[in-house]
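Here the structure is laid out as structure tokens; the discussion comes afterwards.
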Amino acid sequence: MTKRRLEALRTEMTKCTRCSLCKMVPMPTVKDAKYANACPPVITNHFHAYSGGGLQVMALSLIDGRIDVDDDLARVAFACTTCGLCDVSCKFIMEAERQDVILALREHIVAQGHGPDVHRAAADRLRGTGYSNGPPPADASNWAAGLDLKSLPEERADVLLYTGASVYEDPRHATQARKLAELMLAAGLDVGILDREPDVGIDAFWTAHRGVLETQAAHVCDVLDASGVSTIVVPSGSHLGLLRAHYPRYARAPRAKVVHASELLDDLLRRGRLSLPEPIERSVTYHDPCYLGRQSEPPQSWEGEEKMTHGVLTYFDPPKPINNGVNGVYDPPRRVLDRIRGLRRTEMHRIREYSFCCGGGGGVPEAHPEVARTAAESRIEEAEDVGAEAIVTACRYCATNLERWQPGGAMPVFDLIDLVYEAAGLQGRAT
Ligand code: SF4
Ligand code: SF4
Numbered sequence: 000m001t002k003r004r005l006e007a008l009r010t011e012m013t014k015c016t017r018c019s020l021c022k023m024v025p026m027p028t029v030k031d032a033k034y035a036n037a038c039p040p041v042i043t044n045h046f047h048a049y050s051g052g053g054l055q056v057m058a059l060s061l062i063d064g065r066i067d068v069d070d071d072l073a074r075v076a077f078a079c080t081t082c083g084l085c086d087v088s089c090k091f092i093m094e095a096e097r098q099d100v101i102l103a104l105r106e107h108i109v110a111q112g113h114g115p116d117v118h119r120a121a122a123d124r125l126r127g128t129g130y131s132n133g134p135p136p137a138d139a140s141n142w143a144a145g146l147d148l149k150s151l152p153e154e155r156a157d158v159l160l161y162t163g164a165s166v167y168e169d170p171r172h173a174t175q176a177r178k179l180a181e182l183m184l185a186a187g188l189d190v191g192i193l194d195r196e197p198d199v200g201i202d203a204f205w206t207a208h209r210g211v212l213e214t215q216a217a218h219v220c221d222v223l224d225a226s227g228v229s230t231i232v233v234p235s236g237s238h239l240g241l242l243r244a245h246y247p248r249y250a251r252a253p254r255a256k257v258v259h260a261s262e263l264l265d266d267l268l269r270r271g272r273l274s275l276p277e278p279i280e281r282s283v284t285y286h287d288p289c290y291l292g293r294q295s296e297p298p299q300s301w302e303g304e305e306k307m308t309h310g311v312l313t314y315f316d317p318p319k320p321i322n323n324g325v326n327g328v329y330d331p332p333r334r335v336l337d338r339i340r341g342l343r344r345t346e347m348h349r350i351r352e353y354s355f356c357c358g359g360g361g362g363v364p365e366a367h368p369e370v371a372r373t374a375a376e377s378r379i380e381e382a383e384d385v386g387a388e389a390i391v392t393a394c395r396y397c398a399t400n401l402e403r404w405q406p407g408g409a410m411p412v413f414d415l416i417d418l419v420y421e422a423a424g425l426q427g428r429a430t
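Residue 396 in numbering that gives the first Met the number 0 is what sits at position 397 of the sequence shown, and the numbering runs on without skipping anything.
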């Protein structure tokens, strides 16, 4: 089955001309050649095989029988953070689906019994307990104690705050969820939470355990639908991308509209439901999370035929619509930051659909920490180079990896929610 799925992408693989643009951010958007690099595993390993183009060539060699699945292939394929920058860089010059091939290649490798052991262990936990880090503690909902939140689905509410079970894993995520809940309540929203949230399943997605993800995504959609809300709010950029863009490919989308915290806060501020009276005197730069940005575009339907002309050239009739990342969530977090008095925001070189990965996704921090480290250090250096005193992001995975590789904390990393909470004058209440 996974081989057939890979073979169905053969045309995409054959379109690779080995031009290597996928290792770079297309030049018109780069203001400094130092930050033309796009691919963390290539920067780390200095070898074409690790790039988006290299993975296309290896996938083609695999389905054509020139190579087999083995541990070497698995090591290279799972050094990729699945950030998708090669996909949009390649689309700067041609219409081809690089990310689809990378994901299908990884799924086939896993189906053949290869791939990192640490990934398999997480997928086994998710399959066995419903949680990739094991079952939540008995006091799982303590983070919301004392807040006027409805308990769903027993009670009814307009909006569900769904943290994706990350609150069970890190006290900082619990604190951020509490801050976001307080902001939503301050804006007068009717908010509910689930007593025992299901794991959103992002580890199964990133580690290419397709069957586990399909089961988990269907279960999560059932739970979210049963909550009866019209809107679901998620604090993590990666969870937004998974729910909005990838769930429909593996199971289905939840019935309610799914929005990221930055989209909600932007809307509340625009409508005057929230205000930010407290100034924050700080110079910051905003890091676009890959899955909040270019990886949050929902799949587009297409019906047509693959045809051939001149005996060698294949094309799709009618042309397939492509996602090139431009419709991701880029402006809401920037608009929110620009409303905070005293905050000075500068842009890095690799931004929006060409944002550079922090190294925190794809299961890379667990399986290839050297790649996660290279990515984070490059991003931190970029932030320093544009004169920022701190990085603001909107995804728990970005914040965790950017902090992990600078133990001294020379470049503080904030979540957008932290700054909005402080500027709203609520600071000190959520801890
Ligand atoms: S994947 Fe695209 S950008 Fe990369 S080498 Fe192939 S054709 Fe060039
Ligand atoms: S998805 Fe990101 S890490 Fe993976 S090959 Fe493409 S650019 Fe490199």
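All residues carry an ideal CB built from backbone N, CA and C; glycine is no exception.
When I192, G341, V166 and P247 are compared, the shortest CA-CA separation from V283 is found for G341. DSSP lists V283 as the beta-bridge partner residues of A389. Around the beta carbon of D414, 16 or more other beta carbons sit within 10 angstroms, so the residue counts as buried.
T1 sits close to A110, with the two beta carbons spaced by under 8 Å. A heavy atom of ligand 1 is found nearer than 7 Å to the CB of R17.
With a 10 Å radius around the Cβ and a threshold of 16 neighbouring Cβ atoms, Q299 comes out exposed.
For V311, the secondary structure class from DSSP, reduced to helix, strand or coil, is coil. The C-beta distance from K149 to G187 rounds to 14 Å, too long to fall under 8 Å, and the pair is not in contact.
Comparing alpha-carbon positions, the option among A244, K22 and L146 lying closest to D189 turns out to be L146. Collapsing the DSSP output to three states places K149 in a strand. At the C-beta level, L84 and T13 stay beyond 8 Å of one another. Listed in chain order, the non-local C-beta contacts of R17 below 7 Å within the same chain comprise G52, local neighbours out to five positions each way being set aside. By the criterion of a C-beta distance shorter than 7 Å, G359 is surrounded in its chain by A371, Y396, C397, T399 and N400, once the five residues flanking it on both sides are discounted. Inclusion of R351 and D287 in the CB contact set at 8 Å is warranted, their separation being smaller than that value. Taking the Cβ atoms as the reference, C394 lies roughly 16 Å from G200, outside the contact range of under 8 Å. A244 is a Cβ neighbour of P297, given a cutoff of 8 Å. Per DSSP, T28 lies in no alpha helix (DSSP H) and is assigned neither H nor E. Exclusion of M26 from the 7 Å shell around ligand 1 follows from its C-beta lying no nearer than that to any non-hydrogen atom of the ligand. For G191, there is no enclosing alpha helix (DSSP H); the enclosing beta strand (DSSP E) covers residues V190 to L193. Excluding five sequence positions before and after L275, the CB atoms of its chain that fall closer than 6 Å to its own CB belong to R338, I339, A422 and A423, given in chain order. Collapsing the DSSP output to three states places T230 in a strand.
The beta carbon of V257 sits closer than 6 Å to those of I231, L242 and R243, all from its chain and outside the five residues before and after it, given in chain order.
When the five nearest sequence neighbours on each side are left out, the beta carbons in the same chain lying within less than 6 Å of the beta carbon of G303 are those of F315, D316 and P317, in order along the chain. Going by DSSP, H259 is part of the beta strand (DSSP E) stretching over K256 to H259. For R195, same chain residues with a beta-carbon under 7 Å away, outside a window of 5 residues either side, are P135 and A139 in chain order. The beta carbon of G324 sits no closer than 7 Å to any heavy atom of ligand 1.
In this structure, V328 sits near E262, with a CB-CB distance shorter than 8 Å. With distances taken between CA atoms, Y49 lies nearest to A78 out of A78, N36 and A37. The secondary-structure analysis by DSSP pairs R343 across a beta bridge with S282.
A distance of 8 Å or more separates the beta carbons of I390 and Q175. In the DSSP assignment, L61 falls within the alpha helix (DSSP H) that extends over G51 to I62. DSSP places V158 in no alpha helix (DSSP H) but in the uninterrupted beta strand (DSSP E) bounded by V158 to L160. Excluding residues up to 5 positions away in sequence, T80, C356, G358, V370, T373 and A374 lie with their Cβ nearer than 6 Å to the Cβ of P39 in the same chain. In the three-state DSSP reduction, D116 falls in the helix class (H, G or I). In terms of Cα proximity to V385, the closest of L61, A252, Y420 and E346 is E346. Excluding residues up to 5 positions away in sequence, V283, Y285, L342, R344, V391, L415 and L418 lie with their Cβ nearer than 8 Å to the Cβ of L336 in the same chain.
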